[in-house]
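J.:
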Ligand SMILES: Cc1cc2nc3c(=O)[nH]c(=O)nc-3n(C[C@H](O)[C@H](O)[C@H](O)COP(=O)(O)OP(=O)(O)OC[C@H]3O[C@@H](n4cnc5c(N)ncnc54)[C@H](O)[C@@H]3O)c2cc1C
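Protein chains in written order, with my numbering: chain B, 1 to 431; chain D, 1001 to 1956.
Encoded structure:
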């Protein structure tokens, strides 16, 4: 594509980062030498080939793959606060691929594959912990859905199966699998490759990788307007000055409808807060990630020993990132329904992030009516796991001008043309 | 090593102190790490251990360095212990009890010899975030590395069989909540109550008084006076050992109460008109080499130990003081018989360079390089204002370099601050500020109260008190304090996370140079003290590393809760009531097998579902369908509402008729279905699925309230106001005839899909409609709930000779499957559009508008999604389990079985299922992949119904 003038010219920005390994750790420890910056800060240039709005996992992954896979390095990622300050630093980091639709399964499966090698690819340990993912069934209808997902997943080569209460008890001795539970556990969909990841590490790893290839990461840089002329995007206005760019990518999740509005593009997105909470650390006792749709709760234990909880989105649209008391009350009640012996465990912190919900629970990715203005949005409550594959496919689209088949179903035009995807069934509380 | 005998002396216990809280007449023992220790009632776990001379209470998180007491308060990071089955107990706060079993948490194999303490020598190789930089290759070893990392997780133990315990909740509606029961909080509460407000005064510790408790004779005198005032003044509820845990929108204040005899903890939810925040100040540790050694303590810790618990903190001390509290600590130490070997006065250039020792301080290197042998180092280097409750109300703390601490910045209408958090000054100045704040809080609260009352209609006019002018709150002085955060050496900043000043500088240099990134990368401030002890030091060190001011650097956002809160307290009594129908006693007496169905428990069957089903086909059966969602709709605009909600037509429904309706969401996916009847000109009764009852109500309200607030419709959920009984079978009319009073049941007068209101078994106001989920002649009777059991028993009684029997959900499912009626949520899912569910006959695209119309219009033209069809396995003895996939070729998914059973009526297996459009033609043979891997074949049927497809039986 002609707009990328300095495709190989910008190698001057390219630098090899200090390697991360046990050996380097030892060497620097011995010599007491300082580690170099993971990413550098730069002056804002008056123009870039590609401007990415939003420094979350999606924006940074797109920048990384543009450079790493396509040699497009004159790229700026503009972040109004600090990188990972949006949903990417607030999520509960569940990764899985046991989706229901073929589009969904293919897409998320690719993402899990990318995650599996991400630490090595980025030379940054993202601590992907494939500890197994259990979706509990408390009713015969939930059990039926679990069987259905298992059957579909098996046929698509995704590892998942339905297990019974005895096996569940073996995996998670703390669960109340008795018949006396208010909502007895009848079975579960077990997905061994599912798990959790260190979300910040993914963000930082991509930032470091993108920086190493020459992309500029600008924190505290807020996009205030988008210039469009003759149906083409021309650049952005920021609190640090104007930037000209033939390509602007909207990766702002919870804020994405506001950013698109700046370019005159309306998105069918409503922003809802999603809350989460974490407890004080206790000795490890919970291996698998547990999800209960009936009780609207999911639980995992981090390597630090904290329990991380989440639920479904707040029942009303809002841009507020404050937590509510009702949320923790409901959450605690549901956790104790599942694991009654944890009453004395203490909640340490609660918070909220923003979720950009679409009508069909599937993302919006690709071109828009404004030429050069791309979107990678609509990530709702489930977009962290999609970071790598989204970056990869968005980079491919920008570099080649062709929509990769993996994301063809997720285009913006589907809302006008009535081709909704419908991942509701598999996305809901499961994240 | 100590022998296993009982420790009887308390070598560090002092003689009686004027303000002590221990009761020397109530001695007892408890267990610490397997050995028995003495204590007095009133001791905290740690004060009792300290009295016995213990100094090491835990090992640090990362380097497993020995840790002792630091603050002697709730926040004490090294004093978090296991008590019985309770993890992470704050040992410097929790009162010790006779027989308590207490143990150290983070030590292996023992506190004195900790195997992981080798980590302390490896510190230089474990910089912040070291785990991000290693264990990368080979990837396959990461799971093993991860297990090792997990071993270092700090924290206590949980047990799978710990009893739940009793927790509860309370709602409170005070005018004012005062957070903090120190002098300012007490004075504010008294002033507010005197002005006529009802006040809840909340104090984290076991008694009121704050810092006055460990003060001088004069201060103790002032404390007695204040306590008397609080006790004397009506309208103040005092909660000690309780904490204001959070302030949420609308001044919704969460208070955790721990001082109740028979309740583990109680969560009080108070809608406070005004919240007064008076938590005092938290003393800040000082950062230098060795600052985490046992024996390095804060001046407030020393004063608490001596004055409250009569415990001598050490034998020979060095004191670093920058303020009057430090000076007072020197006096206290001397009075307690501690030799004060050196006082380093920071106001005159004094400093500490480092502390040394193995399991406790042995020697301190002072600012001038001289070394002093000692076992105690007391620091008084400044304060942190715990502004988090204010921040939860939108305040942003602002740094004041003169006072070397953060202050609140934005006052709000319903949250006020007083006490140390607002400024310095003498006790009199503080109390004056607090009183004025209390009066102003009362003025505002009472004004809000009368505004609220003005909105309530009253029979007699009540004179509201006149509006008072705002009370002038005097400014508190701000006393100059040296900015002391880190000395000349590096030391621990975050004691719970084991993060040093070096780590913070290293993180900043690596690019994690904003507060938020530094916090996330190093995990400083993320531990159990929630940053209360360490934030300001961390910010100051980061500021220096990045060449910015503290003001520019700012703090992280404080989030609720104020103090960690148990799941038990948050959950309360876990109120998830089970719902039963009024007929439940009958079901239980008649051997019903219970089944959880959402919020309900209902009969699955009464022993033999197949014969129950057969009886419906042959005679007559009764099923309890009370859980069906029921909504009473009234108003002239109900038809508009129904037309919006349902895909089918509702303008033409006459009084006395019922109609089946299908609801879709905007995406055309089937949301719910049910029957709605028109009972009067402007009166309708809607039924929903059992599981959809709440969702549909919410759905309707959200459309009415947000899109059509002008429509005149009232929606009232009446699900449990009526008991619902379905009478089904060829003899159902005969049975109903025997009990129905005034309704003409003849087929001509009461045809299929009609509704009548009348008397059943003498009970007036029953609705009866003729519909047929089972495919038989049937009447659904909705009886005022109180008469449900009576009517049910009457029907059973009167129908005995007709062969009436109850049937459960399982028989109903068999019957409806024979009849080909779909169940939303079983035969449809979150993806199923109305067309693919075979509901095209119901969808009226000519209607002006309805929810889902644009999407369904498109689907009507180019839908090629799977179709719901009836299926029968060729081998009638094979019942393919539900969710079996229909496949083509090797593994191509071409559909699935959604419902299946052995039909007692037909004597063969029958199914409903989805198939790809090209397989939907009747007569097509499809391959079913069974979950066990075997394959079988099935035939696509002409109708969804396997039995009586024309519906002659139900119309009869
Ligand atoms: C509590 C919670 C739990 C979740 N759990 C999971 C889970 O378990 N698994 C999962 O897969 N997903 C989960 N998610 C969803 C997931 O976190 C998000 O979908 C994903 O992180 C979105 O990434 P992003 O990069 O698109 O957006 P973000 O990370 O939100 O990044 C957008 C960035 O844009 C910036 N920005 C906004 N406006 C501007 C502007 N004008 N100028 C410049 N920058 C701007 C923001 O500051 C922000 O940093 C969860 C979300 C939340 C809130």
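Here a beta-carbon is modelled for each residue, glycine too, at the ideal position from N, C-alpha and C. The structure displayed is predicted, hence computed values, not measured ones.
1) Got a sec? Which residues, its chain only, sit under 6 angstroms from residue 310 of chain B by beta carbon, not counting five neighbours each side?
2) Given a cut-off of 8 angstroms, decide if residue 1245 of chain D and residue 1560 of chain D are closer than it, judged by their beta-carbon atoms.
3) Less than 7 angstroms between the CB of residue 1509 of chain D and some heavy atom of ligand 1, yes or no?
4) So, for residue 2042 of chain D: in the same chain, excluding its five sequence neighbours on each side, which residues have a beta-carbon less than 8 angstroms away from its beta-carbon?
5) Under three-state DSSP, which class holds residue 42 of chain B?
6) Taking C-beta pairs closer than 9 angstroms, name the residues in chain D that residue 238 of chain B reaches, listed in chain order.
7) Is the closest heavy atom of ligand 1 to the C-beta of residue 91 of chain B under 7 angstroms?
8) Any beta carbon of chain B sitting closer than 8 angstroms to that of residue 1135 of chain D?
9) Just to check, is the beta-carbon of residue 275 of chain B closer than 7 angstroms to a non-hydrogen atom of ligand 3?
10) Comparing the CB of residue 257 of chain B with every heavy atom of ligand 1, is any distance shorter than 7 angstroms?
11) Check residue 242 of chain B in the structure and name its three-state DSSP category.
12) Measuring only the C-alpha atoms, how far is residue 1332 of chain D from residue 1194 of chain D?
13) Taking 8 angstroms as the CB-CB limit, is residue 1252 of chain D close to chain B?
14) Between the Cα of residue 1348 of chain D and those of D:1371, D:1694, D:1376, D:1381, spot the shortest distance and give me the residue it belongs to.
15) Leaving out the 5 sequence neighbours to the left and right, which residues in its chain are closer than 7 angstroms to residue 1787 of chain D when beta-carbon positions are compared?
16) Give the interface partners of residue 1488 of chain D over in chain B, defined as CB-CB distance under 8 angstroms, in chain order.
17) Counting only Cβ pairs nearer than 8 angstroms, list the residues of chain D close to residue 360 of chain B.
18) State the CB to CB distance for the pair residue 1295 of chain D and residue 1337 of chain D, rounded to an integer number of angstroms; the pair is presumed to be in contact (CB under 8 angstroms).
19) DSSP beta-bridge partners for residue 275 of chain B?
20) Using a Cβ-Cβ cut-off of 8 angstroms, state whether residue 255 of chain B counts as contacting chain D.
21) If I measure Cβ to Cβ from residue 1830 of chain D and keep anything under 7 angstroms in the same chain, skipping five residues before and after, which residues do I get?
22) Which same chain residues end up closer than 6 angstroms to residue 1447 of chain D when comparing Cβ atoms and leaving out the 5 residues on each side of it in sequence?
23) What does a CB cutoff of less than 6 angstroms around residue 1587 of chain D pick up in its chain, not counting 5 residues either side in sequence?
24) Could you tell me whether any Cβ in chain D is nearer than 8 angstroms to the Cβ of residue 350 of chain B?
25) Along the segment 1151 to 1169 of chain D, what residues have a CB closer than 9 angstroms to any CB found in chain B?
26) Which of the three DSSP states, helix, strand or coil, is assigned to residue 1518 of chain D?
27) Excluding the 5 residues flanking residue 1769 of chain D on each side, which residues of the same chain have their C-beta closer than 6 angstroms to its C-beta?
28) Do residue 1644 of chain D and residue 1558 of chain D count as a contact pair if the criterion is CB distance below 8 angstroms?
29) So who's on the other strand from residue 1168 of chain D, going by DSSP bridges?
30) Go to residue 1606 of chain D, then tell me how far its alpha helix (DSSP H) extends in each direction, as first and last residue.
31) Quick test of the definition: if touching needs 3 or more C-beta pairs under 8 angstroms, does the segment 1910 to 1923 of chain D touch the segment 1935 to 1944 of chain D?
32) Does at least one heavy atom of ligand 1 sit under 7 angstroms from the Cβ of residue 241 of chain B?
33) Hey, out of D:1081, D:1098, D:1257, D:1315, whose CA is closest to residue 1014 of chain D's CA?
34) Give me, in chain order, the residues of the same chain whose beta-carbon lies closer than 7 angstroms to that of residue 420 of chain B; leave out the 5 immediate sequence neighbours on both sides.
35) Using 8 angstroms as the limit for Cβ to Cβ distance, is residue 91 of chain B near chain D?
36) Could you round the C-beta distance between residue 1633 of chain D and residue 1718 of chain D to whole angstroms and report it? I think they count as a contact, below 8 angstroms.
T.: With the given structure in hand:
1) Only 92, 276, 298 meet the Cβ criterion.
2) Cβ atoms of residue 1560 of chain D and residue 1245 of chain D: closer than 8 angstroms.
3) Using a cutoff of 7 angstroms, the CB of residue 1509 of chain D does not count as near ligand 1, since none of the ligand's heavy atoms is closer than that.
4) This structure does not reach residue 2042 of chain D, given that chain D is present from 1001 up to 1956, and the question cannot be answered.
5) Of the three classes helix, strand and coil, the one that applies to residue 42 of chain B here is coil, per DSSP.
6) From the beta-carbon of residue 238 of chain B, no residue of chain D is found nearer than 9 angstroms; the closest lies around 18 angstroms away.
7) At least one heavy atom of ligand 1 sits closer than 7 angstroms to the Cβ of residue 91 of chain B.
8) Yes, because at least one Cβ of chain B sits closer than 8 angstroms to the Cβ of residue 1135 of chain D.
9) Although ligand 3 was asked about, the structure shown includes only ligand 1 as ligands.
10) The answer is no for residue 257 of chain B.
11) DSSP places residue 242 of chain B in strand when its eight states are reduced to three.
12) When rounded, the distance between both Cα atoms is 36 angstroms.
13) Yes, its Cβ sits closer than 8 angstroms to a Cβ of chain B.
14) It is D:1381.
15) Correct list, in chain order: 1763.
16) Residues of chain B passing the Cβ test: none, with the nearest at roughly 18 angstroms.
17) Those within 8 angstroms of residue 360 of chain B in chain D are 1667.
18) In fact, because the Cβ distance is near 17 angstroms, the residues do not count as touching under 8 angstroms.
19) In the DSSP output, where bridge partners are listed per residue, residue 275 of chain B has B:352.
20) Taking 8 angstroms as the threshold, the shortest C-beta distance from residue 255 of chain B to chain D does not fall below it.
21) 1669, listed in sequence order.
22) Annotation for residue 1447 of chain D: no residue places its beta carbon closer than 6 angstroms to its own, counting only its chain and skipping 5 residues before and after.
23) Excluding sequence positions up to five before and after residue 1587 of chain D, its CB lies within less than 6 angstroms of the CB of 1603, all in the same chain and listed in chain order.
24) Chain D, which has a Cβ nearer than 8 angstroms to the Cβ of residue 350 of chain B, makes this yes.
25) Correct list: 1151, 1152, 1153, 1154, 1155, 1156, 1157, 1158, 1159, 1160, 1161, 1162, 1163, 1164, 1165, 1167, 1169.
26) Residue state, collapsed to three classes: helix.
27) Within the same chain, residue 1769 of chain D has close Cβ partners 1658, 1677, 1755, 1780.
28) It is not a contact, given that the beta carbons lie outside the stated cut-off.
29) Answer is D:1266, bridged to residue 1168 of chain D.
30) Per DSSP, residue 1606 of chain D lies in no alpha helix (DSSP H) segment and is marked neither H nor E.
31) Inter-segment contact for the segment 1910 to 1923 of chain D and the segment 1935 to 1944 of chain D is present: three or more beta-carbon pairs are separated by less than 8 angstroms.
32) Outside the cutoff, so no.
33) Among D:1081, D:1098, D:1257, D:1315, the Cα nearest to that of residue 1014 of chain D is on D:1315.
34) Excluding residues up to 5 positions away in sequence, 359, 360, 414 lie with their Cβ nearer than 7 angstroms to the Cβ of residue 420 of chain B in the same chain.
35) For residue 91 of chain B, the answer is no, since every Cβ of chain D falls outside 8 angstroms of its Cβ.
36) Rounded, the Cβ-Cβ distance is 10 angstroms, inconsistent with contact.
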